[in-house]
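Visitor: Chains as they are written, first to last, in this note's numbering: chain A, 623 to 723; chain H, 148 to 551. Even glycine gets a Cβ: it sits at the ideal position worked out from N, Cα and C. Pasting in a structure now, in structure tokens, and then I'll have a few things to ask.
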Amino acid sequence: MENEEKKRIRLFWHPFLSPAWLVSRAVILIIFFIVLHLLGFREEVSFLSGTPPEGGVHDYAAIIKGVVYALSYFSAWVLVPILLIAAPISIGLKAFLLKKG
Amino acid sequence: MSDKDRSFEEKMKLRFKEIGVALLALILAACLWLPSVHFFFKASDVVSKSGPISKRAKELAQRHLKIWQDPKLRQKELQRMRGRNAEWDFMGRTFLVLALSNMALRSPDTQAGHLEIIDAIIDDTLKVEDEMGMHHFLLGYSQSSSWIQQPERSIFVDGEIAIMLGARRLLAEKLSYKDEFQSRVRLMKKRMEEAPVYCNESYPNECWMFCNSAAAVALKMSDVLDGSKYTEFLNAWLNKIRQELVDKKTGLLPSSFSYRGRIMDGPEGSSIWFTAHCLQLLDREFAKDQYERAKAELAVSICGFSYAKEWPESFRGPMDVDSGPIIPVLEVSAGSSGMAFIAAGAFEDQEFLSSLLGTLDFAGFPLKTEGALKYCASNQVGDAVLLYSLVQGPLWEKILRKGN
Chain A
623 MENEEKKRIR LFWHPFLSPA WLVSRAVILI IFFIVLHLLG FREEVSFLSG TPPEGGVHDY
683 AAIIKGVVYA LSYFSAWVLV PILLIAAPIS IGLKAFLLKK G
Chain H
148 MSDKDRSFEE KMKLRFKEIG VALLALILAA CLWLPSVHFF FKASDVVSKS GPISKRAKEL
208 AQRHLKIWQD PKLRQKELQR MRGRNAEWDF MGRTFLVLAL SNMALRSPDT QAGHLEIIDA
268 IIDDTLKVED EMGMHHFLLG YSQSSSWIQQ PERSIFVDGE IAIMLGARRL LAEKLSYKDE
328 FQSRVRLMKK RMEEAPVYCN ESYPNECWMF CNSAAAVALK MSDVLDGSKY TEFLNAWLNK
388 IRQELVDKKT GLLPSSFSYR GRIMDGPEGS SIWFTAHCLQ LLDREFAKDQ YERAKAELAV
448 SICGFSYAKE WPESFRGPMD VDSGPIIPVL EVSAGSSGMA FIAAGAFEDQ EFLSSLLGTL
508 DFAGFPLKTE GALKYCASNQ VGDAVLLYSL VQGPLWEKIL RKGN
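If you want it as structure tokens, here you go:
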């Protein structure tokens, strides 16, 4: 039972910046983005052009939704691929540099 | 040092080395990925002054037609824009009328349907202007001080209403609009002639090049439609603005100046791109020169994505309702980038337009529902400007053909 628990934790818990850590963070970011997308937060990014949301300039919830969606979208397009590409590069570099050293 | 301590120290060393390797891997990955992102947003739209309407333009138009066919949706969209800037409500109408006119000229079988929407927009605009006055379409400070030229009139409102009427009449004559167009154009010309730099106020003691260029287009339309002889005045206007208003550092026309011609805001992206497009009807060489200079000063390309800054290096102005929010460091301006689409299309700069469209697809958050496209980061006026930039050409060609 305890081993099962440990296995489950290990799925998400990896040494900082290890290849597994890079991939797991990419997966978390992409899942987060997909959830926000499915929740329809895309509609709320009009703040980028200075246009208030449908609820008006004081609809702070919609503005926050828009900001979070925009950040997760750019993370999905910019950060996620970098993390995924970095993982195998990191394995290769480690094998080459550290074993050599 | 005990064995236990030594092994801890070694472990730490190894860990730091691993982190260093990972950081190096992240840098290499970024160098590989960042210049490649734009390949996923390659726009296939082709700039042409005639020919069929692109799929993107059709889908964008679909959304606008829905807005003007559904009073509730229209109310909702206009209210959102008016909450921030009443001018957007007005300009959204102008650019949509211009876009639909071009679409009807490109695809004559759509003319009847588009004329219906164009008339609905014009009738509503004239009604609102009549009932609420010109201030309804202006920012609040239009009533905060007195206008130099009396009686007070805004060339922003007069010029764009005249353009809407002129575009409609160039598409198909409508007698009930003829008088409205002629009287507005006559009045604008008279007041421009009286002004020290042949430019009228858009706001109290504030003349905008954008608005006066639009008024000049309306005067040119009048020559074509009604045989008025404004060419001489338009040439004098061109000479005046070239001699007295052009910014010495950049060679660009400024965005705003006082009634007597004192420069207020220097060259500004949200103004100069459209101004250059208007100048195409009056002096092609000058227009091209303004476009090239604006591109050199304001266009930015990073990793295959293009956008436009609001201000050139030599003039740092504020972030305002015209520029839209400016993203720090990159200096991306929504207002300037939006207007840059028009100029890139008008000057058939395929490379710049494709790159701008790529940026729009990446950072504009397109959303398609039931065949209608909108950009969530934008609004109705932004999408109308974009639509116009994708279909423009035939109307200006018609004016040039008939006017020469």
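Which of helix, strand or coil does DSSP assign to residue 412 of chain H?
Guide: Strand.
Visitor: For a contact defined as C-beta to C-beta under 7 Å, what are the partners of residue 176 of chain H on chain C?
Guide: This model lacks chain C altogether; the protein chains it does include are A and H.
Visitor: What residues of chain A sit near residue 223 of chain H, judged by a beta carbon separation below 9 Å?
Guide: Within 9 Å Cβ-Cβ: 676.
Visitor: Taking residue 265 of chain H and residue 315 of chain H to be in contact with their CB atoms under 8 Å, please state how far apart those CB atoms are, rounded to whole angstroms.
Guide: With a Cβ gap of about 5 Å, residue 265 of chain H and residue 315 of chain H count as contacting.
Visitor: By Cβ distance, which residues of its chain are closer than 6 Å to residue 244 of chain H, with the 5 residues on each side in sequence left out?
Guide: Only 265, 268, 311 and 314 meet the Cβ criterion.
Visitor: Skipping 5 residues on each side, what residues in its chain have a beta carbon closer than 7 Å to that of residue 493 of chain H?
Guide: 424, 427 and 539.
Visitor: I'd like to know whether the C-beta atoms of residue 319 of chain H and residue 250 of chain H end up nearer to each other than 9 Å.
Guide: Going by C-beta atoms, residue 319 of chain H is not nearer than 9 Å to residue 250 of chain H.
Visitor: Consult DSSP for residue 309 of chain H and reduce its assignment to one of helix, strand or coil.
Guide: Looking at residue 309 of chain H - three-state DSSP - the assignment turns out to be helix.
Visitor: Leaving aside the five residues before and after residue 387 of chain H along the sequence, list all residues of the same chain whose C-beta is less than 7 Å from its C-beta, in chain order.
Guide: Closer than 7 Å at Cβ, skipping near neighbours: 344 and 345.
Visitor: Below 7 Å on C-beta distance, what does residue 635 of chain A contact in chain H?
Guide: Ordered by position in chain H, no residue passes the 7 Å Cβ test against residue 635 of chain A, which lies about 16 Å from the chain.
Visitor: If residue 360 of chain H sits next to residue 369 of chain H, beta carbons under 8 Å apart, how far is it from one beta carbon to the other, in whole angstroms?
Guide: Contact doesn't hold; Cβ gap of about 15 Å is too wide.
Visitor: Report the residue from H:437, H:215 and H:353 whose alpha carbon sits nearest the alpha carbon of residue 291 of chain H.
Guide: Minimum Cα distance to residue 291 of chain H is reached at H:353.
Visitor: Residues of chain A with CB under 9 Å from residue 309 of chain H, in chain order?
Guide: The contacting residues do not exist; residue 309 of chain H stays about 27 Å from chain A at best.
Visitor: Smallest Cα separation from residue 685 of chain A: which of H:549, H:283, H:536 and H:524?
Guide: Checking every option, the nearest Cα to that of residue 685 of chain A belongs to H:524.
Visitor: Give me the Cα-Cα distance between residue 546 of chain H and residue 668 of chain A, rounded to the nearest whole angstrom.
Guide: The alpha-carbon atoms of residue 546 of chain H and residue 668 of chain A are separated by roughly 36 Å.
Visitor: So which residues of chain H does residue 646 of chain A contact, with C-beta pairs closer than 7 Å?
Guide: Residues of chain H passing the Cβ test: none, with the nearest at roughly 13 Å.
Visitor: Quick one: which residues of the stretch 531 to 546 of chain H get their C-beta closer than 8 Å to a C-beta of chain A? List them in chain order.
Guide: Flagged: no residues at all.
Visitor: Taking the alpha carbon of residue 300 of chain H as the point to measure from, which residue in H:282, H:501, H:287 and H:340 has its own alpha carbon closest?
Guide: When each option's Cα is compared against that of residue 300 of chain H, the closest is H:282.
Visitor: If you compare alpha carbons, which of H:286, H:275 and H:341 is closest to residue 296 of chain H?
Guide: The candidate whose alpha carbon is nearest that of residue 296 of chain H is H:341.
Visitor: Let me confirm a value: residue 379 of chain H is counted as buried when at least 16 other C-beta atoms fall within 10 Å, else exposed. Which label applies?
Guide: It counts as exposed.
Visitor: Starting from the N-terminal side, write out each stretch of the beta strand (DSSP E) that is 3 residues or longer and does not extend beyond the stretch 391 to 457 of chain H.
Guide: Runs of the beta strand (DSSP E) inside the stretch 391 to 457 of chain H: 410 to 412, 446 to 449 and 452 to 455.
Visitor: Buried or exposed: which applies to residue 235 of chain H, given that a residue is buried once 16 or more other Cβ atoms fall within 10 Å of its Cβ?
Guide: Buried: at least 16 other Cβ atoms inside 10 Å.
Visitor: Taking buried to mean at least 16 other C-beta atoms within 10 Å of its own C-beta, is residue 180 of chain H buried or exposed?
Guide: With 16 or more Cβ atoms within 10 Å of its Cβ, residue 180 of chain H is classed as buried.
Visitor: Measuring straight from C-alpha to C-alpha, what distance separates residue 481 of chain H and residue 550 of chain H?
Guide: Looking at the two C-alpha atoms, the distance is approximately 34 Å.
Visitor: With a cut-off of 9 Å, does the C-beta of residue 654 of chain A fall near any C-beta of chain H?
Guide: It does not: the Cβ of residue 654 of chain A has no partner Cβ on chain H nearer than 9 Å.
Visitor: Which ranges would you report for the alpha helix (DSSP H) in the stretch 289 to 338 of chain H if only whole runs of at least 4 residues count?
Guide: Listed in chain order, they are 302 to 318.
Visitor: Does the count of Cβ pairs from the stretch 434 to 453 of chain H and the stretch 511 to 524 of chain H closer than 8 Å reach three?
Guide: Cβ pair count under 8 Å is below three, so no.
Visitor: Give me, in chain order, the residues of the same chain whose beta-carbon lies closer than 8 Å to that of residue 558 of chain H; leave out the 5 immediate sequence neighbours on both sides.
Guide: The question about residue 558 of chain H has no answer, for chain H in this structure spans 148 to 551.
Visitor: Would you report the Cα separation of residue 255 of chain H and residue 707 of chain A, rounded to the nearest angstrom?
Guide: For residue 255 of chain H and residue 707 of chain A, the distance between alpha carbons rounds to 51 Å.
Visitor: Within a Cβ cutoff of 8 Å, which residues of the same chain sit near residue 436 of chain H, ignoring the five residues on either side of it in sequence?
Guide: Around residue 436 of chain H: 398.
Visitor: Please report the distance separating the alpha-carbon of residue 714 of chain A from that of residue 170 of chain H.
Guide: Cα to Cα, residue 714 of chain A sits roughly 13 Å from residue 170 of chain H.
Visitor: Near residue 349 of chain H, which residues of its chain fall below 7 Å by C-beta distance, leaving aside the five closest residues on each side in sequence?
Guide: Excluding residues within five positions, the ones whose Cβ falls inside 7 Å are 301, 302, 303, 355 and 358.
Visitor: For residue 583 of chain H and residue 246 of chain H, I'd like the C-alpha separation in whole angstroms.
Guide: Because chain H here runs from 148 to 551, residue 583 of chain H falls outside it and cannot be looked at.
Visitor: Quick one: what does DSSP say residue 354 of chain H is sitting in, helix, strand or coil?
Guide: The answer is strand: DSSP assigns residue 354 of chain H an E or B state.
Visitor: Excluding the 5 residues preceding and the 5 following residue 286 of chain H in the sequence, name in chain order all residues of the same chain whose CB lies nearer than 8 Å to its CB.
Guide: The residues are 232, 233, 234, 350 and 468.
Visitor: Taking residue 273 of chain H as the reference, give the member of H:217, H:328, H:431 and H:383 with the closest Cα.
Guide: Measuring from the Cα of residue 273 of chain H, the nearest candidate turns out to be H:328.
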